[in-house]
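Note sheet for the following structure.
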Amino acid sequence: MPSTSQTPDDERYFLHEGRKWRRADPSLPEDVAKQLLSQLGRARSAVNKHRKAKQEPKVKDARRRVQIAKEGLGERGTPWWEQSPAERQQRWEKAIKTLDELRTPDDGPQQQDKP
Numbered sequence: 258m259p260s261t262s263q264t265p266d267d268e269r270y271f272l273h274e275g276r277k278w279r280r281a282d283p284s285l286p287e288d289v290a291k292q293l294l295s296q297l298g299r300a301r302s303a304v305n306k307h308r309k310a311k312q313e314p315k316v317k318d319a320r321r322r323v324q325i326a327k328e329g330l331g332e333r334g335t336p337w338w339e340q341s342p343a344e345r346q347q348r349w350e351k352a353i354k355t356l357d358e359l360r361t362p363d364d365g366p367q368q369q370d371k372p
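Read in order, the letters of the sequence shown correspond to residues 258 to 372 in our numbering.
Structure (structure tokens):
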């Protein structure tokens with residue numbers, strides 16, 4: 258893993274509409290990234306759905322799931338370039354486990370990746 262000084266800023270962040278955003282951890286295995294992105298999309302949809310229905314407790318729960326997914330991706334929390342490979346893996350495994358535990362019936366069936 259590159260040290261902080263060896264990882265260029267443009268590999269850590271991207272600009273969107275003039276705002277700097279942290280990139281996802283490039284060491285994420287493809288299947289893990291796909292699963293976390295799917296969970297993130299479902300959580301964001303739930304935020305919008307429950308906000309429109311004025312169901313604030315459900316909005317809060319969905320926002321928590323967004324946060325957990327983004328932490329798993331490495332976009333929030335401790336910067337991925339400051340973590341060891343073991344810490345990075347532990348981060349995404351914890352996020353996936355927590356998101357699976359927080360699944361709701363509104364989420365639909367759990368996505369199964371095909372080999």
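Each residue gets a CB set at the ideal place from its N, CA and C atoms; glycine is no exception. Here the structure is a predicted model, which is why all the values come from computation and not from measurement.
- If you draw a straight line from the Cα of K277 to the Cα of P362, it is about 35 Å long.
- Note on the region 278-333: there is no whole beta strand (DSSP E) run with a minimum of 3 residues.
- A Cβ-Cβ separation of about 7 Å places G331 in contact with R348 under the 8 Å criterion.
- Cβ atoms of R322 and Q296 come within 8 Å of each other, at about 7 Å.
- Ranking E328, H273, D357 by CA distance to the CA of D282 puts E328 first.
- Listed as beta-bridge partners of R276 by DSSP are H273.
- Excluding the 5 residues flanking it on each side, A319 has same chain C-beta neighbours closer than 7 Å at A300, A303, V304, H307, in chain order.
- Here L293 is near A352, since their CB atoms are less than 8 Å apart.
- For E358, the enclosing alpha helix (DSSP H) begins and ends at 342-358.
- P362 sits in a helix when the DSSP states are folded into three classes.
- With a 10 Å radius around the Cβ and a threshold of 16 neighbouring Cβ atoms, A326 comes out buried.
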